[in-house]
Amino acid sequence: MSTLGIIALLTLLYWLYITFDVHKGIHLLHTLPKSTKLPDKPPLVSVIIAAKEEESTILETVRHLLSQNYPRLEIIAVNDRSQDATGVRLEELRKWSKHKTDIQTPLQIIHITSLPEGWLGKNHALYQGYQQARGQYLLFTDADIIFAPGTISDAVTYMKENDVQHLTLTPNMVARSTLLRGFVHFFLFSFSLFVRPWRANLDSAREPGIGIGAFNMVSRSAYEAIGTHKSIALRPDDDLQLGISLKRAGFRQKVLSGKHILQVEWYRSLKEAIIGLEKNLFSGFRYSYTIALLACLGQLIFFIFPWLGLFFLWDWRGAAYAVAVILQIWLYRKLMFRLMSKRGDEAFLLPISASLLLYTIVRSVWLTWKQGGINWRGTFYSLRELKKK
Numbered sequence: 001m002s003t004l005g006i007i008a009l010l011t012l013l014y015w016l017y018i019t020f021d022v023h024k025g026i027h028l029l030h031t032l033p034k035s036t037k038l039p040d041k042p043p044l045v046s047v048i049i050a051a052k053e054e055e056s057t058i059l060e061t062v063r064h065l066l067s068q069n070y071p072r073l074e075i076i077a078v079n080d081r082s083q084d085a086t087g088v089r090l091e092e093l094r095k096w097s098k099h100k101t102d103i104q105t106p107l108q109i110i111h112i113t114s115l116p117e118g119w120l121g122k123n124h125a126l127y128q129g130y131q132q133a134r135g136q137y138l139l140f141t142d143a144d145i146i147f148a149p150g151t152i153s154d155a156v157t158y159m160k161e162n163d164v165q166h167l168t169l170t171p172n173m174v175a176r177s178t179l180l181r182g183f184v185h186f187f188l189f190s191f192s193l194f195v196r197p198w199r200a201n202l203d204s205a206r207e208p209g210i211g212i213g214a215f216n217m218v219s220r221s222a223y224e225a226i227g228t229h230k231s232i233a234l235r236p237d238d239d240l241q242l243g244i245s246l247k248r249a250g251f252r253q254k255v256l257s258g259k260h261i262l263q264v265e266w267y268r269s270l271k272e273a274i275i276g277l278e279k280n281l282f283s284g285f286r287y288s289y290t291i292a293l294l295a296c297l298g299q300l301i302f303f304i305f306p307w308l309g310l311f312f313l314w315d316w317r318g319a320a321y322a323v324a325v326i327l328q329i330w331l332y333r334k335l336m337f338r339l340m341s342k343r344g345d346e347a348f349l350l351p352i353s354a355s356l357l358l359y360t361i362v363r364s365v366w367l368t369w370k371q372g373g374i375n376w377r378g379t380f381y382s383l384r385e386l387k388k389k
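Per UniProt numbering, numbering of the sequence shown is gapless, rising by one per residue and ending at 389.
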């Protein structure tokens, strides 16, 4: 059998295995249920937001949080060294909310002007928010998330009723163009196949864990037990690492779909998405060139080659690749619907999206190597420092 034939056969076996594995486990991934009744003594929830140059989105996010129907809530917005009008907008919103009799939620603003050594800006900002928080539960979220009014009520009720220490939710991801939507959704698709987020819902397993920046709600005791954000001070993928640390420590974790109550426009353009992801993709491979190389080969062999084989091979190898493509499309549409109620109509863009992600991974590794580190939110961190942490 030729080398190409062996690759075609392995690719088909890979997609058959992945299809079986997803079909077996995806039933564990549910949608967050709507609460019918709050606990008798609702715990105080502290919402902590880190914002840097977020003047275009922060107001809408905080306004939606102020409109939550949960009775015991405090919001702590941390302005992380912003050079735009983020801080001004937050102060205006705080003054406005104080004079609204129908808004009982305290809004606290923290302005950070300098960054100590050994911290990434966002991680430091979230930690500063935690130090001011009084809540029994901490909700770490991003500055561009839109919350439905009952989001926090539903989350707290679920956590209390199911004895969950960490709840993370997948949001509905909005994209302005078809190509951007295809790329963003493909990133979520390939990430899901790699991490298998539904496995985090198995109480018997310590690995893998997961955390999503749009919604990471954790009990204060669990957060403190893993060392807070101090333990992940230099991780660009802090949201994911928070979930991994909590799961590894044995705390009960659940990942659910929040497609009906959370919405985010992750990036506004394809160029912005590539630039945004190339900053932190290499960190997801632990800054290992070997792991990054294997990831690139995986994208090439399992996601791109099947489409090339489908069009250019007219023998059994082409037939094997054709089956792999069908399985790839089916899984993509199934996961998009499960996670975000999307039909996955952009599945025809899968080879293009996979090629763009491959390009982004290569650029992430190359830029980190060329610079000797990463530039993150206006600060440079050496690769030696990042690997040490």
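Note that CB positions come from ideal geometry on N, CA and C, so glycine has one too.
Fair warning: this is a prediction, and the values are worked out from it, not measured in the lab.
Determine the closest residue to residue i out of the options, with distance taken between C-alpha atoms.
i, options, result
"residue 173", "309, 187, 160 and 166", "187"
"residue 208", "251, 311, 184 and 234", "251"
"residue 167", "151, 178 and 175", "151"
"residue 271", "225, 243, 177 and 306", "177"
"residue 215", "314, 50 and 205", "50"
"residue 395", "206, 113 and 266", "With the chain represented from 1 up to 389, any question about residue 395 goes unanswered, as that position is not in the structure."
"residue 341", "197, 260 and 148", "260"
"residue 293", "227, 360 and 330", "360"
"residue 339", "20, 12, 28 and 2", "28"
"residue 74", "305, 170 and 133", "133"
"residue 371", "388, 311 and 279", "279"
"residue 328", "2, 12 and 1", "12"
"residue 258", "170, 312, 239 and 237", "170"
"residue 143", "20, 96 and 60", "60"
"residue 97", "65, 70 and 267", "65"
"residue 354", "16, 185, 37 and 162", "185"
"residue 213", "234, 242, 100 and 231", "242"
"residue 175", "273, 352 and 366", "273"
"residue 331", "2, 6 and 17", "17"
What does DSSP give as the partner residue(s) for residue i in the beta ladder?
i, result
"residue 80", "112"
"residue 216", "140 and 168"
"residue 373", "382"
"residue 47", "75 and 139"
"residue 159", "In the DSSP output, where bridge partners are listed per residue, residue 159 has none listed."
"residue 107", "75"
"residue 173", "264"
"residue 31", "257"
Could you tell me the boundaries of the beta strand (DSSP E) in which residue i lies?
i, result
"residue 146", "145–147"
"residue 226", "From DSSP, residue 226 is part of no beta strand (DSSP E); its letter is neither H nor E."
"residue 292", "Run containing residue 292: none in the beta strand (DSSP E); it sits in the alpha helix (DSSP H), 289–298."
For the alpha helix (DSSP H) that residue i lies in, which residues bound it at each end?
i, result
"residue 262", "Counting along the chain, residue 262 falls outside any alpha helix (DSSP H), though it belongs to the beta strand (DSSP E) covering 262–264."
"residue 330", "316–340"
"residue 256", "Where residue 256 is concerned, there is no enclosing alpha helix (DSSP H), although the beta strand (DSSP E) it sits in stretches over 253–257."
"residue 125", "121–132"
"residue 95", "86–98"
"residue 269", "From DSSP, residue 269 is part of no alpha helix (DSSP H); its letter is neither H nor E."
"residue 17", "3–25"
"residue 178", "178–195"
Cutting at 7 angstroms between CB atoms, please list the residues of its own chain near residue i, excluding the five before and the five after it.
i, result
"residue 395", "In the structure displayed, the chain extends from 1 to 389; residue 395 sits before or after that span and is not available."
"residue 91", "109"
"residue 115", "81, 121, 124 and 379"
"residue 300", "358"
"residue 4", "317"
"residue 226", "245, 246 and 249"
Who are the Cβ neighbours of residue i in its own chain at under 6 angstroms, not counting the five residues just before and after it?
i, result
"residue 129", "48, 76 and 78"
"residue 14", "302"
"residue 356", "183"
"residue 381", "373 and 374"
Note down, in chain order, each residue of its chain lying with its Cβ closer than 8 angstroms to the Cβ of residue i, except the 5 sequence neighbours on either side.
i, result
"residue 368", "282, 287, 374 and 383"
"residue 158", "32, 33, 35, 164, 167, 254 and 256"
"residue 296", "358, 361 and 362"
"residue 62", "49, 75, 77, 90, 93 and 107"
"residue 85", "55"
"residue 23", "none"
Say whether chain D places a C-beta atom closer than 7 angstroms to the C-beta of residue i.
i, result
"residue 126", "The chain inventory of the structure shown lacks chain D, comprising one protein chain alone."
**Prompt:** Can you find at least 3 beta carbon pairs, one from the segment 30–43 and one from the segment 344–358, that sit closer than 8 angstroms?
**Reply:** no
**Asked** Is the segment 332–342 in contact with the segment 180–194, if contact means three or more CB pairs nearer than 8 angstroms?
**Response** yes
**Asked** If we count Cβ pairs, one from each stretch, closer than 8 angstroms, do we get three or more for the segment 199–206 versus the segment 252–272?
**Response** yes
**Message:** Three or more C-beta pairs under 8 angstroms: does that hold for the segment 136–152 against the segment 219–227?
**Reply:** yes
**Request:** Specify whether the segment 262–269 and the segment 323–331 touch according to this definition: at least 3 beta carbon pairs, one from each stretch, less than 8 angstroms apart.
**Result:** no
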